Amino acid sequence: MYFLSIIGVDIDNWLVSYNNARPHSGKHCFGKTPMQSFTDSLYIAKDKNIGNIERISDNLMIAHQAA
Numbered sequence: 009m010y011f012l013s014i015i016g017v018d019i020d021n022w023l024v025s026y027n028n029a030r031p032h033s034g035k036h037c038f039g040k041t042p043m044q045s046f047t048d049s050l051y052i053a054k055d056k057n058i059g060n061i062e063r064i065s066d067n068l069m070i071a072h073q074a075a
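Quick note, the sequence shown lines up with residues 9 to 75 if you use our numbering.
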């Protein structure tokens with residue numbers, strides 16, 4: 009069991025480094041870390057969230073601010 013806890017700590021440390029320390033080479037990341045890319049684009053995900061869409065009488069979809 010001790011060995012598994014050591015591996016878990018190593019994986020956690022690696023994930024922190026992977027997501028927060030090294031620059032990402034993705035197409036739209038522009039040298040930012042994965043966490044920077046995520047936080048910078050969070051507003052896009054919130055805008056595209058299906059929970060922010062409602063139906064109106066003529067069956068068109070419009071976006072609105074969720075309360």
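We treat Cβ as the ideally placed atom computed from N, Cα and C, and that holds for glycine.
Being a predicted model, the structure only gives us computed values, none of them experimental.
CA-CA distance, N21 to P42, rounds to 15 angstroms. Taking S25 as reference, the option from L50, Q44, K35 and F38 with the minimal CA-CA separation is Q44. The C-alpha of L23 is placed about 12 angstroms away from the C-alpha of I15.
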